[in-house]
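Everything below concerns the one structure shown next.
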Amino acid sequence: MSRVASLLEQLGLVLPQPATPPPCFAFSSEWARARGNRVCVSGHSAQTADGVLAGPFGKVPSEVPLDAATEAARATVLSVLGSVKRAIGDPNRNSAWLTVTGMVNAEALHGCRGVRCSSGRTVFGAP
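Here the sequence shown stands for residues 1 to 127, where the numbers follow UniProt numbering.
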């Protein structure tokens with residue numbers, strides 16, 4: 001058993017099956033693709049163990065409580081690890097994570113706007 005599989009088992013965590021798209025929808029690309037000694041991973045969200053895309057959906061914390069958002073983040077990481085495993089076979093073959101970017105649909109941080117906080121955050125999209 002690999003080191004990653006052993007640790008997941010000790011923690012009682014299970015990697016989800018490949019994502020199942022909602023009816024009348026098809027994914028336009030692979031969520032993880034191995035080329036040479038690199039794996040490109042993108043577009044993940046929380047999933048149930050059987051691969052169904054899962055919530056909660058909404059803004060944190062006004063529509064989604066922080067504890068539910070934390071569990072969704074954990075499920076998203078498991079989804080990423082499952083995709084990496086399917087792309088390269090054994091997650092232990094991964095020697096380093098070069099870039100990890102996560103996004104959360106969250107309320108604006110009060111007091112963190114304008115020049116004072118411009119170097120401390122990145123904004124995607126608009127309200």
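We treat Cβ as the ideally placed atom computed from N, Cα and C, and that holds for glycine.
In this text, all values refer to a predicted model and were calculated from it rather than measured experimentally.
Beta-carbon separation (whole angstroms), residue i vs residue j, contact threshold 8 Å
{"i": "V84", "j": "A19", "result": "The Cβ separation is near 14 Å, so there is no contact."}
{"i": "A108", "j": "V60", "result": "Not confirmed; about 11 Å, so no contact."}
{"i": "V104", "j": "A68", "result": "Between A68 and V104 the Cβ distance is about 12 Å, and since that is not below 8 Å, they are no contact."}
Residue of the options minimising C-alpha distance to residue i
{"i": "L78", "options": "C24, L53, P23, A108", "result": "L53"}
{"i": "P16", "options": "Q47, D67, R93", "result": "Q47"}
{"i": "S28", "options": "A34, R38, G36, S42", "result": "S42"}
{"i": "F100", "options": "G36, T76, S62", "result": "The question names Phe, yet the displayed sequence has Val at residue 100. Cα-wise, what sits closest to V100 is T76."}
{"i": "L7", "options": "W97, A87, L81, A96", "result": "L81"}
{"i": "E30", "options": "N94, V39, R93", "result": "V39"}
{"i": "G12", "options": "R74, N92, I88, R93", "result": "R74"}
Residue i classed as buried or exposed, judged by whether at least 16 other C-beta atoms fall within 10 angstroms
{"i": "G102", "result": "exposed"}
{"i": "P21", "result": "exposed"}
{"i": "A96", "result": "exposed"}
{"i": "A72", "result": "buried"}
{"i": "A126", "result": "Note that A126 scores 49 on pLDDT, short of 50, meaning its location in the model is unreliable; the coordinates nonetheless yield the value given after this. Burial call: exposed."}
{"i": "A87", "result": "buried"}
Chain-order list of residues whose beta-carbon lies under 6 Å from that of residue i (same chain, five-residue window excluded)
{"i": "V14", "result": "A49"}
{"i": "D90", "result": "S2"}
{"i": "N92", "result": "S2, R3, V4"}
{"i": "A34", "result": "A87, I88"}
heavy atom of the ligand GTP below 6 Å from residue i C-beta
{"i": "V41", "result": "With respect to the ligand GTP, the structure shown offers nothing to examine, as it has no ligands at all."}
Close Cβ partners of residue i (< 8 Å) along its chain, the five nearest in sequence each way excluded
{"i": "residue 155", "result": "Lying before the first or after the last residue shown, residue 155 is absent from the chain, which here runs from 1 to 127."}
{"i": "E9", "result": "M1"}
7 Å Cβ cutoff, residue i in contact with chain C
{"i": "I88", "result": "Of the protein chains in the structure, only one exists, and it is not chain C."}
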